[in-house]
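Colleague:
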Amino acid sequence: MFKPEPFVTRLAFAASERPEAQEARERLIARYGAVDVAEAHVIVALGGDGFMLETLHRHIADPRPIYGMNRGSVGFLMNEYSEDGLLERINAAERASIHPLSMVAVDARRTQHRALAINEVSMLRQTRQTAKLRISIDGRVRLNELFCDGALVATPAGSTAYNLSAHGPIIPLDAKVLALTPISAFRPRRWRGALLPHTARVTFEVLEADKRPVSAVADNFEVRDVLEVHVAEDRDITLIMLFDAGRSLEERVLAEQFSV
Numbered sequence: 002m003f004k005p006e007p008f009v010t011r012l013a014f015a016a017s018e019r020p021e022a023q024e025a026r027e028r029l030i031a032r033y034g035a036v037d038v039a040e041a042h043v044i045v046a047l048g049g050d051g052f053m054l055e056t057l058h059r060h061i062a063d064p065r066p067i068y069g070m071n072r073g074s075v076g077f078l079m080n081e082y083s084e085d086g087l088l089e090r091i092n093a094a095e096r097a098s099i100h101p102l103s104m105v106a107v108d109a110r111r112t113q114h115r116a117l118a119i120n121e122v123s124m125l126r127q128t129r130q131t132a133k134l135r136i137s138i139d140g141r142v143r144l145n146e147l148f149c150d151g152a153l154v155a156t157p158a159g160s161t162a163y164n165l166s167a168h169g170p171i172i173p174l175d176a177k178v179l180a181l182t183p184i185s186a187f188r189p190r191r192w193r194g195a196l197l198p199h200t201a202r203v204t205f206e207v208l209e210a211d212k213r214p215v216s217a218v219a220d221n222f223e224v225r226d227v228l229e230v231h232v233a234e235d236r237d238i239t240l241i242m243l244f245d246a247g248r249s250l251e252e253r254v255l256a257e258q259f260s261v
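Take the sequence shown: its letters are residues 2 to 261, numbered as in our numbering.
Below is the structure:
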């Protein structure tokens with residue numbers, strides 16, 4: 002298991018397929034050198050938020066700190082790109098520790114599919130028919146019928162992503178809560194979701210699954226024609242992202258709540 006070093010000197014670089022990310026990787030390696038991931042103190046990820054999620058997933062079994070720099074279109078999870086003083090920035094960076102969600106999805110063939118989500122687990126209708134879901138929390142039915150385009154459970158780190166677009170709440174990283182947010186709820190029309198303790202276990206049951214098929218998506222892993230989905234935070238896994246001093250993820254989440 003990776004153990005953090007008191008001072009970062011050895012870097013591994015990962016880049017998305019975008020030309021600007023690949024070019025940045027070559028320039029940074031020429032300037033700072035590079036080692037294999039197994040020998041690195043920190044992984045430097047070059048791309049956008051999607052690539053940051055890919056990098057976190059790729060190294061989830063042996064997580065080491067990841068410092069992202071924006072060479073993509075969206076960069077909420079990334080630091081500003083600069084080739085100067087990289088080691089100094091990384092060594093002064095603030096750490097954000099996050100825990101992913103564990104998803105267990107049972108499909109129409111009764112096959113179980115397991116995946117981890119850093120941002121959210123989403124239930125999404127597959128056809129023109131609205132989804133019809135029953136939602137239970139810790140084994141107790143809390144919403145007997147929800148007609149909707151879907152619903153999602155988001156981590157604090159993911160609360161500013163799809164969750165925010167679906168009009169869900171922004172959650173501070175240290176709040177120890179999860180967001181349960183409907184997507185275009187039709188009935189009950191006024192239900193806006195709920196904030197759940199981070200220990201909550203959420204179960205979605207798909208009602209009328211033949212007529213109203215639903216898929217389950219854990220970040221970018223999709224299972225189609227699901228019958229039920231179980232979601233819970235996995236506290237056994239801790240992922241670490243690094244952010245420039247004064248630009249921590251906590252600060253970004255707070256500032257997002259005042260953006261207009």
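Yeah, the Cβ is synthetic: ideal placement off N, Cα and C, and Gly gets one too.
It should be emphasised that the depicted structure is a prediction, and the values quoted were computed from it without experimental measurement.
What are the uninterrupted segments assigned as beta strand (DSSP E) that are 3 or more residues long and contained completely in the region 153 to 210, given in chain order?
Modeller: Listed in chain order, the complete beta strand (DSSP E) runs (minimum 3 residues) inside the region 153 to 210 are 178 to 184, 195 to 198, 202 to 207.
Colleague: What is the rounded straight-line gap between the Cα of L144 and the Cα of P189?
Modeller: Counted from its first residue, the sequence shown places residue 144 at position 143. Counted from its first residue, the sequence shown places residue 189 at position 188. L144 and P189: Cα-Cα distance of roughly 9 Å.
Colleague: Indicate the three-state DSSP secondary structure (helix, strand or coil) for N92 in the structure shown.
Modeller: For this step, residue 92 is matched to residue 91 along the sequence shown. DSSP places N92 in helix when its eight states are reduced to three.
Colleague: Cβ of G142 within 9 Å of Cβ of V230?
Modeller: Start at 1 with the first residue of the sequence shown, and residue 142 comes out as number 141. Start at 1 with the first residue of the sequence shown, and residue 230 comes out as number 229. It should be pointed out that residue 142 corresponds to Val in this sequence rather than to Gly. Not a contact, by the Cβ cut-off of 9 Å.
Colleague: Restricting to Cα atoms, I'd like to know which of I44, E40, L153 is closest to R26.
Modeller: In the sequence shown, counting from the first residue as 1, residue 26 sits at position 25. It is I44 whose Cα lies nearest to the Cα of R26.
Colleague: Using 8 Å for Cβ pairs, my map puts R202 next to D139. What's the rounded Cβ distance?
Modeller: Numbered from its first residue, the sequence shown carries residue 202 at position 201. Numbered from its first residue, the sequence shown carries residue 139 at position 138. Confirmed, Cβ separation roughly 5 Å.
Colleague: Rounded to whole angstroms, what's the CA-CA distance from R65 to L208? Just pull it up for me.
Modeller: Locating residue 65 in the sequence shown gives position 64, counting from the first residue. Locating residue 208 in the sequence shown gives position 207, counting from the first residue. Taking the straight line joining both Cα atoms gives about 41 Å.
Colleague: Would you mind stating whether F52 and R253 have Cβ atoms separated by less than 9 Å?
Modeller: Here residue 52 is taken as the residue at index 51 of the sequence shown, counted from 1. Here residue 253 is taken as the residue at index 252 of the sequence shown, counted from 1. Against a cut-off of 9 Å, the Cβ pair of R253 and F52 comes out as no contact.
Colleague: Measuring only the C-alpha atoms, how far is A16 from L47?
Modeller: Here residue 16 refers to the residue found at position 15 when the sequence shown is read from its first residue. Here residue 47 refers to the residue found at position 46 when the sequence shown is read from its first residue. Using only the alpha carbons, I get a separation of about 5 Å.
Colleague: For the candidate residues M124, G86, A13, whose alpha-carbon lies nearest to that of P214?
Modeller: Against the sequence shown, residue 214 aligns to sequence position 213. Checked all of M124, G86, A13; the closest Cα to P214 is M124.
Colleague: Give me the Cα-Cα distance between H60 and A106, rounded to the nearest whole angstrom.
Modeller: Within the sequence shown, residue 60 is the residue found at index 59, counting from 1. Within the sequence shown, residue 106 is the residue found at index 105, counting from 1. Rounded to whole angstroms, H60 to A106 spans 23 Å at the Cα level.
Colleague: Would I67 pass as a contact of L243 if the rule is Cβ separation under 9 Å?
Modeller: In the sequence shown, the residue the question calls residue 67 occupies position 66. In the sequence shown, the residue the question calls residue 243 occupies position 242. Against a cut-off of 9 Å, the Cβ pair of L243 and I67 comes out as a contact.
Colleague: For A256, which option in L134, E223, L174, D226 has the closest C-alpha, if you only look at C-alpha atoms?
Modeller: For this step, residue 256 is matched to residue 255 along the sequence shown. Here the closest residue by C-alpha is L174.
Colleague: How is A25 classed by DSSP in three states: helix, strand or coil?
Modeller: Within the sequence shown, numbered from 1, the residue matching residue 25 stands at position 24. Residue state, collapsed to three classes: helix.
Colleague: Does the Cβ of N221 have 16 or more other Cβ atoms within 10 Å, making it buried, or fewer, making it exposed?
Modeller: Here residue 221 corresponds to residue number 220 of the sequence shown, with the count starting at 1. Exposed, because fewer than 16 other Cβ atoms sit within 10 Å of the Cβ of N221.
Colleague: With DSSP collapsed to three states, give me the class of I30.
Modeller: For the purposes of this step, residue 30 is identified with residue 29 of the sequence shown, where counting begins at 1. Three-state result, I30: helix.
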